[in-house]
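Undergrad:
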Amino acid sequence: MAAAQVEAPPIREYPVIPILAHDAMAGSKPYVASEKINEAIGFPGQLVENWQARAVEKMGELLGKYRSLRVFLDACVHCGACTDKCHYFLGTGDPKNMPVARQELVRKVYRRYFTFAGKWFPKLVGAEDLTESVLEDWYKYFNQCSECRRCSVYCPYGIDTAEITMAAKEVMDSIGMGQKYTNEIIGKVHRLGNNLGLPGPALADTLETLAEEVREDTGVDVRFPLDEEGAEVLVVTPSADFFAEPHVYSLIGYAKVFHAAGIRWTLSSRASEAGNFGLFIGNYAQMKAIAARVREAALELGVKRIVVGECGHAWRVAYSFWNTLIGPFDFLDSRYPVPQHICELTYDLLRRGAITLDREKNDHRVVTFHDSCNVARGSGMGGMPRGQFIIPRELIKAACNHFHDMAPETIHEHTFCCGGGGGLLTDELLDLRVKGALPRMEALARVVEEHGVNFMATICAICKAQFSKVLPYYKFEMDMIGGVHQLVGDAIRLGRND
Amino acid sequence: MSALTVVYACLFYAATAVLVAGLAAKIALYARTPAPLKIPTTPAPASRGGVALRMFREVALFESLFRANKWTWLFGWMFHVALLLVLVRHLRYFIEPVWGLVALAQPAGVYAGFAMVAGLAGLWGRRFLVERIRYISTWSDHLMLALLVAIGVSGLAMKYLARTDIVAVKAFMLGLLRFDWQPLPADPLLLVHLALVALLMAVFPASKLVHAPGVFFSPTRNQADDPRERRHVAAWAEG
Chain Y
1484 MAAAQVEAPP IREYPVIPIL AHDAMAGSKP YVASEKINEA IGFPGQLVEN
1534 WQARAVEKMG ELLGKYRSLR VFLDACVHCG ACTDKCHYFL GTGDPKNMPV
1584 ARQELVRKVY RRYFTFAGKW FPKLVGAEDL TESVLEDWYK YFNQCSECRR
1634 CSVYCPYGID TAEITMAAKE VMDSIGMGQK YTNEIIGKVH RLGNNLGLPG
1684 PALADTLETL AEEVREDTGV DVRFPLDEEG AEVLVVTPSA DFFAEPHVYS
1734 LIGYAKVFHA AGIRWTLSSR ASEAGNFGLF IGNYAQMKAI AARVREAALE
1784 LGVKRIVVGE CGHAWRVAYS FWNTLIGPFD FLDSRYPVPQ HICELTYDLL
1834 RRGAITLDRE KNDHRVVTFH DSCNVARGSG MGGMPRGQFI IPRELIKAAC
1884 NHFHDMAPET IHEHTFCCGG GGGLLTDELL DLRVKGALPR MEALARVVEE
1934 HGVNFMATIC AICKAQFSKV LPYYKFEMDM IGGVHQLVGD AIRLGRND
Chain W
34 MSALTVVYAC LFYAATAVLV AGLAAKIALY ARTPAPLKIP TTPAPASRGG
84 VALRMFREVA LFESLFRANK WTWLFGWMFH VALLLVLVRH LRYFIEPVWG
134 LVALAQPAGV YAGFAMVAGL AGLWGRRFLV ERIRYISTWS DHLMLALLVA
184 IGVSGLAMKY LARTDIVAVK AFMLGLLRFD WQPLPADPLL LVHLALVALL
234 MAVFPASKLV HAPGVFFSPT RNQADDPRER RHVAAWAEG
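Pasting the structure below:
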């Protein structure tokens, strides 16, 4: 495939729903996984011979395993509530990026093989055989869904396109149509412990260098411990935090928080990754196996608490699924939530006066906050309603004097995906990613204009990587994006705390 | 006993059987299928009581749809509430003596008939006028609206254009319930109205109308946000 033409749509002062641009994104698809990549994680290497029968069989299996899929495929009435809610539709105008139309790609096949009406009156109810061109559409358009669940907020039946996308990806994986980017990463996390394929010794080196840098910068010995048995807290964070910018500044922020609060913590080389791409491909066994590393590491190191770093989908998996997948956590300290988000931990310390932040340190910044989709719509924080919106903002306000939220219809549970989630953060999809970022960029442009915002904080590694890449296409500086703990780390008082 | 009465009596027994058996099968299937993971969508309540309240708002007020699109909400809500009132009004054909509340709802039920058709017209209009909705509409979407509009219009026509012998209709319906068949008046409008209602009942379980029971089984709406506090495990996912 030739390098994709990447074109950013213009930012409009008054965003409107686009008119349909048929097949506008029909050319967008990620690389198919190689035989080696697929087989390494137990999937058929390439498209199997009787793929059609196998796919239908797999669909039947999933229909029996997931109530969500069964109910969602039946319940849609084509009311259209979701049609203008997907950032990829808003950015591309391709009608197959309307959530209902995306779902119909699976629904029409479901009708044909699994319902009375579809078997006998296929034309009437829009049922279709699973042909090669339908499979082609699946591969293209289910790789244009970031599983952000925004559509699900507005659906009168709560239909969650992410569940359908995950099922479609699961079916495609089972017949050898896996996607390269996600499946390669899943292989790496099993082999090396993290998505970036960073081996243990390299990780130790990186952390040592970080400690030196912080010492030079602050004169304080802030530790970045790895595999330390008997530590109180195990921190599981996205591997991008170890060396990618701006991610690494948040890791420095966590380390400073632990230092200032006097909590003994450690990272683990076995579980040197919070991300869990098993979620993106909807594969329960993969998700469970990837999560299991965390439980093993916690037991091995004898920690009392597990804390998750700034990573959106990882937090959804940790908060919503870990207890199911790798619980119960009866070996951990029950006085703390299991797992705990780094923002929850810092917020708690802040309220108890265990750390002090100097807002003036961030006076050069005018900050806004981008709610990441998996945190916003698929998790919670602080054991209070809307805690996942309140806590990060409270931290920012405690660390900065200048904070402005973006338009209410673009934040909290209404937040727009950054455009790179769900396993789409790969270069060959850059055009899609740039276009999908349009709604967020438009909301950002408004606070930039009105309040002079120059920093967008977020708590997701994918958001950070995506925006770093995409911001320049919209004429913003790429270092406008950063983490909440980057701000905390810059404002925190180290050393004596009185 | 006229052949017409026999045909319609059998038609209604068959339609009722399909509706009841079909819906029971669907509901049993939904109830039996496990939900292995906690996937409530924000804003998700933390308790079962909160979930019940959320479900009530969703079913009675169409809360999510209201946030999504005001026009669709207006027409959709108008249609559903009006349909409910119309159904309550029609209860008088199936109970003797008529309950006080049903008697009370009679005048409102008449207006509701118009509101129902107006709501349907609004929903149908969107399928033609809004490009996005036109794109996602199938033949069955149009036919379902046509069926509902035809039922509403034929019903209103019996009230305002060519009145039928409703005492005889009630005797027929009570006869069906008591397995003591009574003659059905041979009014064309009535026959059309009843045939379409029977058709609607029969297609209900095999169509998108299963959104009615489906919404109660939607995991994003019926789960509580308590995954850290309560371990949730489905049978197939264990081990």
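Protein chains in written order, with the numbering used here: chain Y, 1484 to 1981; chain W, 34 to 272.
Cβ coordinates follow ideal geometry from the N, Cα and C atoms, glycine included.
(1) Can you give me the Cβ contacts of ILE72 of chain W inside the same chain, cut-off strictly under 7 Å, excluding the 5 residues immediately before and after it?
(2) Can you pull the DSSP bridge partners for ILE1964 of chain Y?
(3) Is there a C-beta anywhere in chain W that falls below 9 Å from the one on GLU1522 of chain Y?
(4) Between which two residues does the alpha helix (DSSP H) harbouring VAL186 of chain W extend?
(5) Residues of the region 1899 to 1914 of chain Y in Cβ contact with chain W at a cutoff of 7 Å, in chain order, please.
(6) Using C-beta distances below 6 Å, list every residue in its chain close to ALA48 of chain W, excluding the 5 sequence neighbours before and after it, in chain order.
(7) If we count Cβ pairs, one from each stretch, closer than 8 Å, do we get three or more for the region 1685 to 1702 of chain Y versus the region 1553 to 1572 of chain Y?
(8) So what's PRO253 of chain W in DSSP terms, helix, strand or just coil?
(9) Whose CA, out of W:GLN139, W:ARG100, W:LYS192, lies closest to the CA of LEU117 of chain W?
(10) Can you pull the chain Y neighbours of ARG264 of chain W, defined as C-beta to C-beta under 7 Å?
(11) Which of the residues in the region 1543 to 1566 of chain Y, read from start to end, lie with their CB under 9 Å from any CB of chain W?
(12) Please report whether the beta-carbon of GLU1779 of chain Y lies at a distance below 9 Å from any beta-carbon of chain W.
(13) When we look at the beta-carbon of TYR1571 of chain Y and count the other beta-carbons within 10 Å, is it buried (16 or more) or exposed?
(14) The alpha helix (DSSP H) that contains PHE112 of chain W, what's its start and end?
(15) Let me check one thing: in DSSP terms, what residues is LEU1709 of chain Y bridge-paired to?
(16) I'd like to check one pair, TYR1596 of chain Y with GLY247 of chain W: are the Cβ atoms closer than 9 Å?
(17) Given that a residue counts as buried once 16 or more other Cβ atoms are within 10 Å of its Cβ, and exposed if not, what is VAL1592 of chain Y?
(18) Since GLN215 of chain W sits in a beta bridge, which residues does DSSP pair it with?
(19) If you reduce the DSSP assignment to three classes, tell me which class ILE1524 of chain Y lands in.
(20) For the region 241 to 261 of chain W, which residues have a CB atom closer than 7 Å to at least one CB atom of chain Y, in sequence order?
(21) Mind checking who HIS1824 of chain Y pairs with in its DSSP beta bridge?
(22) Could you say which of W:THR105, W:TRP104, W:VAL182, W:ALA93 lies nearest to VAL114 of chain W if we only look at CA atoms?
(23) Looking only at its own chain, which residues have a Cβ that is under 8 Å from the Cβ of LYS1671 of chain Y, when we skip the five neighbours before and after it?
(24) For ILE128 of chain W, is the classification buried or exposed, using 16 other Cβ atoms within 10 angstroms of its Cβ as the cut-off for buried?
(25) So, do the region 1845 to 1864 of chain Y and the region 1922 to 1942 of chain Y have three or more beta carbon pairs nearer to each other than 8 Å?
(26) Verify the CB distance criterion: does GLU164 of chain W have a CB-CB separation below 9 Å to chain A?
(27) Which residues mark the beginning and the end of the alpha helix (DSSP H) in which LEU229 of chain W is found?
(28) Locate the alpha helix (DSSP H) running through VAL1654 of chain Y, then write down its first and last residues.
(29) Within the chosen definition, does the region 1634 to 1649 of chain Y reach the region 1908 to 1915 of chain Y through at least 3 CB pairs nearer than 8 Å?
(30) Report yes or no: is there a C-beta of chain W within less than 9 Å of the C-beta of PHE1625 of chain Y?
(31) Please list, in chain order, the chain W residues whose beta carbon lies closer than 8 Å to that of ARG1860 of chain Y.
(32) Measure the C-alpha to C-alpha separation of MET1484 of chain Y and HIS1505 of chain Y and round it to an integer number of angstroms.
(33) Where does VAL1740 of chain Y sit, in a helix, a strand or coil, going by DSSP?
(34) Using 9 Å as the threshold, is the C-beta distance between VAL1719 of chain Y and VAL1821 of chain Y below it?
(35) Thinking C-alpha only, which one of W:GLN215, W:LYS241, W:PHE250, W:SER240 is nearest TYR41 of chain W?
TA: If we stick to the structure as given:
(1) If you number the second sequence from 1, residue 72 of chain W lands on position 39. Once the five neighbours on either side are set aside, the close Cβ partners of ILE72 of chain W are PRO252, THR253, GLN256.
(2) Residue numbering aside, residue 1964 of chain Y sits at position 481 when the first sequence is read from its first letter. Y:MET1939.
(3) Taking the first sequence and counting its residues from 1, one reaches residue 1522 of chain Y at position 39. Chain W places no beta carbon closer than 9 Å to that of GLU1522 of chain Y, leaving this residue out of the contacts.
(4) Translated into the one-based positions of the second sequence, residue 186 of chain W becomes position 153. 172 to 193 is the extent of the alpha helix (DSSP H) around VAL186 of chain W.
(5) With the criterion set as a beta carbon lying under 7 Å from some beta carbon of chain W, the region 1899 to 1914 of chain Y has no members that meet it.
(6) For the purposes of this step, residue 48 of chain W is taken as the residue at position 15 of the second sequence. The residues are ALA231, MET234, ALA235.
(7) Contact fails: fewer than three Cβ-Cβ distances are below 8 Å.
(8) Position 220 of the second sequence, counted from the start, is the residue given in the question as residue 253 of chain W. One detail in the question is off: residue 253 of chain W reads as Thr in this sequence, not Pro. Of the three classes helix, strand and coil, the one that applies to THR253 of chain W here is helix, per DSSP.
(9) What you label residue 117 of chain W is simply residue 84 of the second sequence in a count that begins at 1. When only C-alpha atoms are compared, the closest one is W:GLN139.
(10) Counting from 1 along the second sequence, the entry for residue 264 of chain W is found at position 231. Here the neighbours are ASN1806, THR1807, GLY1810, PRO1811.
(11) Listed by position along the chain: LEU1546, GLY1547, LYS1548, TYR1549, ARG1550, SER1551, LEU1552, ARG1553, VAL1554, PHE1555, ASP1557, ALA1558, CYS1559, VAL1560, HIS1561, CYS1562, GLY1563, ALA1564, CYS1565, THR1566.
(12) Start at 1 with the first residue of the first sequence, and residue 1779 of chain Y comes out as number 296. The beta carbon of GLU1779 of chain Y sits no closer than 9 Å to any beta carbon of chain W.
(13) Within the first sequence, numbered from 1, the residue matching residue 1571 of chain Y stands at position 88. Looking at its Cβ environment, which holds 16 or more other Cβ atoms inside 10 Å, TYR1571 of chain Y is buried.
(14) The count along the second sequence starts at 1 and reaches residue 112 of chain W at position 79. Run containing PHE112 of chain W: 103 to 123, per the alpha helix (DSSP H) assignment.
(15) Working through the first sequence from its first residue, we reach residue 1709 of chain Y at position 226. The partner list for LEU1709 of chain Y (beta bridge, DSSP) reads Y:LEU1750.
(16) Here residue 247 of chain W corresponds to residue number 214 of the second sequence, with the count starting at 1. Here residue 1596 of chain Y corresponds to residue number 113 of the first sequence, with the count starting at 1. Contact: no.
(17) Sequence index remark: in the first sequence, residue 1592 of chain Y carries index 109 (1-based). Taking all protein chains shown into account, VAL1592 of chain Y has 16 or more neighbouring C-beta atoms within 10 Å of its C-beta and is therefore buried.
(18) Residue numbering aside, residue 215 of chain W sits at position 182 when the second sequence is read from its first letter. According to DSSP, GLN215 of chain W bridges with nothing at all.
(19) For the purposes of this step, residue 1524 of chain Y is taken as the residue at position 41 of the first sequence. In the structure shown, ILE1524 of chain Y adopts coil according to DSSP, grouped into three states.
(20) Within the region 241 to 261 of chain W, the qualifying residues are LYS241, VAL243, HIS244, GLY247, VAL248, PHE250, SER251, PRO252, THR253, ARG254, ASP258, PRO260, ARG261.
(21) For this step, residue 1824 of chain Y is matched to residue 341 along the first sequence. Bridge partners of HIS1824 of chain Y: Y:VAL1791.
(22) As a first step, residue 114 of chain W must be located in the second sequence, where it is residue number 81. Residue W:ALA93 is the option with its Cα nearest to VAL114 of chain W.
(23) Looking up residue 1671 of chain Y in the first sequence gives position 188. Around LYS1671 of chain Y: ASN1677, ASN1678, LEU1679, GLY1680.
(24) Looking up residue 128 of chain W in the second sequence gives position 95. ILE128 of chain W is exposed by the Cβ-count criterion.
(25) Contact between the region 1845 to 1864 of chain Y and the region 1922 to 1942 of chain Y is present, with at least three C-beta pairs closer than 8 Å.
(26) Reference to chain A is not applicable here, since the protein chains of this structure are Y and W.
(27) In the second sequence, counting from the first residue as 1, residue 229 of chain W sits at position 196. First-last of the alpha helix (DSSP H) with LEU229 of chain W: 221 to 236.
(28) Looking up residue 1654 of chain Y in the first sequence gives position 171. First-last of the alpha helix (DSSP H) with VAL1654 of chain Y: 1644 to 1657.
(29) Under the 8 Å Cβ criterion, the region 1634 to 1649 of chain Y does not count as touching the region 1908 to 1915 of chain Y, having fewer than three qualifying pairs.
(30) Here residue 1625 of chain Y corresponds to residue number 142 of the first sequence, with the count starting at 1. Closer than 9 Å: no.
(31) The residue given as residue 1860 of chain Y occupies position 377 in the first sequence. Under the 8 Å cutoff, chain W gives THR74, THR75.
(32) On the first sequence, residue 1484 of chain Y is found 1 positions in, with the first residue counted as 1. On the first sequence, residue 1505 of chain Y is found 22 positions in, with the first residue counted as 1. Low local confidence applies: a pLDDT of 44 at MET1484 of chain Y is under 50, so the model's placement there is unreliable, and no value is given.
(33) Locating residue 1740 of chain Y in the first sequence gives position 257, where the first residue counts as 1. Looking at VAL1740 of chain Y - three-state DSSP - the assignment turns out to be helix.
(34) Residue 1719 of chain Y sits at position 236 when you count from the first residue of the first sequence. Residue 1821 of chain Y sits at position 338 when you count from the first residue of the first sequence. Not closer than 9 Å, so no.
(35) One-based indexing of the second sequence puts residue 41 of chain W at position 8. Of the candidates W:GLN215, W:LYS241, W:PHE250, W:SER240, the one whose C-alpha sits nearest the C-alpha of TYR41 of chain W is W:GLN215.
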